[in-house]
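Chemist: Got a structure for you, questions after.
Numbering (UniProt numbering), first residue to last: 1 to 270.
Here's what the structure looks like:
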């Protein structure tokens, strides 16, 4: 992976949030590439339950300050950064007072999804892309983890399809069994339509449940990784019917060689 540029976009990363399949792999995969001499960038949301003082987050003024239009409203984008101790890895945090100040991630104390999770997903996707544009850093591979990041492939393929920085980028989505009950805001499709995205491409968002969000990500990716040993049956069948490259599940103890081979020999050659 020497000198290859890989952008990791994840809803959660250790050590900033508790260990899960997603947060652990969103740390281990970049660490692996970093050790192999690759160049990496990691992006995640700056959820309000991340301790900024302990993890030494600080705002990057030159990257902050633009407004993203979400459902016809201007929402200020704030970018923060921190370094993972002992790893020489930087993590960029997408922040906004309205969306990410609350002291929780995706659900309230009763386990109910936040009603604006749909807008947070749109903001996160656009925020990552706009920040990478400001960095003027063209990734060879963009690797997406977690349903909050699931709109990123769609926006890259549709909203930013003429952006030269991403012309050669290959998109990989890892699909996990980190599900949620119910749906996001049923008006989500109208909020995405506001950005002028192709109606056929966003058809699944008429019912924005976990499976359909992941289908949107899968449809707009160049390759798929099964991030969990077991997936929801509908998603498992959907992935098994794909003609695009799919890497089967590998545990965190044995993923390094299969991921490296998949990146090098399959994704970059697809």
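Virtual Cβ for every residue (Gly too), placed ideally from N, Cα, C.
Can you tell me the Cα-Cα spacing of residue 163 and residue 135, whole angstroms?
Modeler: Straight-line Cα distance between these residues: approximately 14 angstroms.
Chemist: Quick one: what does DSSP say residue 104 is sitting in, helix, strand or coil?
Modeler: Residue state, collapsed to three classes: coil.
Chemist: Does DSSP put residue 57 in a helix, in a strand, or in coil?
Modeler: Coil.
Chemist: Taking 8 angstroms as the threshold, find out whether the stretch 168-183 comes into contact with the stretch 219-234 through three or more Cβ pairs.
Modeler: These segments touch.
Chemist: Is it true that the stretch 2-12 meets the stretch 136-153, where meeting means three or more beta-carbon pairs spaced less than 8 angstroms apart?
Modeler: The stretch 2-12, when compared against the stretch 136-153, does touch it at the 8 angstroms Cβ threshold.
Chemist: Where DSSP assigns a beta bridge to residue 131, which residues make up the other side?
Modeler: None, per the DSSP bridge assignment.
Chemist: Taking residue 33 as the reference, give the member of 107, 151, 76 and 255 with the closest Cα.
Modeler: Checked all of 107, 151, 76 and 255; the closest Cα to residue 33 is 255.
Chemist: Quick one: what's got a C-beta closer than 8 angstroms to residue 139's C-beta in the same chain, skipping five residues either side?
Modeler: Taken in chain order, the residues that qualify are 5, 6, 7, 41, 132, 166 and 169.
Chemist: Per DSSP, residue 93 is paired with what?
Modeler: 44 and 80.
Chemist: State the DSSP-derived secondary structure class of residue 266, mapped to helix, strand or coil.
Modeler: It is helical.
Chemist: Distance check for residue 89 and residue 31, CA to CA, integer angstroms please.
Modeler: So the two alpha carbons sit approximately 8 angstroms from each other.
Chemist: Just the Cα atoms here: how many angstroms apart are residue 72 and residue 253?
Modeler: Using only the alpha carbons, I get a separation of about 45 angstroms.
Chemist: Is the beta carbon of residue 86 less than 9 angstroms from the beta carbon of residue 57?
Modeler: Cβ distance not < 9 angstroms, so residue 86 and residue 57 don't count as in contact.
Chemist: Is it the case that the Cβ atoms of residue 129 and residue 154 are separated by a distance below 9 angstroms?
Modeler: Taking 9 angstroms as the Cβ cut-off, residue 129 and residue 154 do not qualify as a contacting pair.
Chemist: Under DSSP, the alpha helix (DSSP H) around residue 33 begins and ends at which residues?
Modeler: Element bounds for residue 33: 21-35.
Chemist: Using beta-carbon positions only, say whether residue 102 and residue 182 come within less than 9 angstroms of one another.
Modeler: Against a cut-off of 9 angstroms, the Cβ pair of residue 182 and residue 102 comes out as no contact.
Chemist: Taking the C-alpha atoms as reference points, what is the distance between residue 148 and residue 19?
Modeler: If you take the alpha carbons of residue 148 and residue 19, they lie about 17 angstroms apart.
Chemist: Measuring alpha carbon to alpha carbon, tell me which residue in 187, 265, 150 and 26 is nearest residue 214.
Modeler: Residue 150 is the option with its Cα nearest to residue 214.
Chemist: Enumerate in chain order the residues of its own chain whose CB-to-CB distance from residue 258 is below 6 angstroms, with the five nearest sequence positions on each side excluded.
Modeler: 250.
Chemist: At which residues does the beta strand (DSSP E) containing residue 8 begin and terminate?
Modeler: First-last of the beta strand (DSSP E) with residue 8: 5-10.
Chemist: What is the rounded straight-line gap between the Cα of residue 191 and the Cα of residue 14?
Modeler: Taking the straight line from one Cα to the other gives about 31 angstroms.
Chemist: Per DSSP, which residues does residue 75 bridge with? Please list them.
Modeler: Beta-bridge pairing links residue 75 to 68.
Chemist: How many Å lie between residue 119 and residue 97 at the Cα?
Modeler: Their Cα atoms are separated by approximately 13 angstroms.
Chemist: Who pairs with residue 296 in a beta bridge, going by DSSP?
Modeler: There is no way to answer for residue 296, as the model of the chain reaches only from 1 to 270.
Chemist: For residue 17, count neighbouring Cβ atoms within 10 angstroms of its own Cβ and tell me buried if that reaches 16, exposed if not.
Modeler: Per the 10 Å Cβ criterion, buried.
Chemist: Within the continuous beta strand (DSSP E) that includes residue 223, where are the two ends?
Modeler: Taken as a continuous stretch (DSSP letters only), the beta strand (DSSP E) holding residue 223 covers 223-226.
Chemist: Taking the alpha-carbon positions, what's the residue 61 to residue 78 distance?
Modeler: Cα to Cα, the separation comes out at about 8 angstroms.
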